[in-house]
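>
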Amino acid sequence: MKKALILSILTILFISSCSSSKDEEPVHCTEEYVSITVKLVDKDDTPFALSNYKVFIEDEDITSKVNYSSGIVGFYPIAYDSMQPELEGKEAVFTFIGYVSGEEVIRKDITIGANKCHIYCVENLTFTIE
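Under our numbering, the first residue of the sequence shown carries the number 9, and numbering increases by one thereafter.
(1) Among residues of its own chain, excluding the 5 on either side of Phe83, which ones have a beta-carbon nearer than 7 Å to its beta-carbon?
(2) Report, in whole angstroms, the separation of the C-beta atoms of Lys124 and Val35, which I expect to be a contact under 8 Å.
(3) Please say whether Phe64 and Thr103 have beta carbons closer to each other than 7 Å?
(4) Which of the three DSSP states is assigned to Ser109 in this structure?
(5) I need the straight-line Cα distance from Gly110 to Thr54, nearest angstrom please.
(6) Distance, Cα to Cα, Glu94 vs Val74?
(7) Could you tell me the alpha carbon to alpha carbon distance between Asn60 and Gly106, rounded to whole angstroms?
(8) Taking the alpha-carbon of Val108 as reference, which of Thr119, Gln92, Ala57 and Asp69 has the nearest alpha-carbon?
(9) So, at 6 Å on beta carbons, what are the nonlocal neighbours of Val81 in its own chain, with the 5 sequence-adjacent residues on each side left out?
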């Protein structure tokens, strides 16, 4: 009888120590810092220089967060891993608008999301300016 009681108590303790909810597996992120960049070329596949560009998430102008002079003609950053926390688990439409001498020459909507570690984009980010 004592053995059955002890076995019952141990069984109850063992079962109660197990979590009934599924704990998430630990996530192992890489140390890389991801940025998403638009590449602009002309019809001859030559890098295309803009005078200026703007980036919006929905109606919010985020240009000051992403616009920097990389020194590389034709490449324009639109998102960084620093945006990962606000994008984690969802996707947002970024609108890229490019200007030459104040005239709009390109406007593209680009969907960007983030997982638990990094931002990502599944679209082609090379655009040809005619």
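For each residue, glycine too, the CB sits at the ideal point set by N, CA and C.
With the given structure in hand:
(1) Within its own chain, the residues whose Cβ lies closer than 7 Å to the Cβ of Phe83, once the five positions on either side in sequence are excluded, are Thr45 and Lys47, listed in chain order.
(2) About 5 Å separates the two Cβ atoms, so the contact holds.
(3) yes
(4) coil
(5) 21 Å
(6) 15 Å
(7) 6 Å
(8) Ala57
(9) The answer, listed in chain order, is Pro55 and Ala57.
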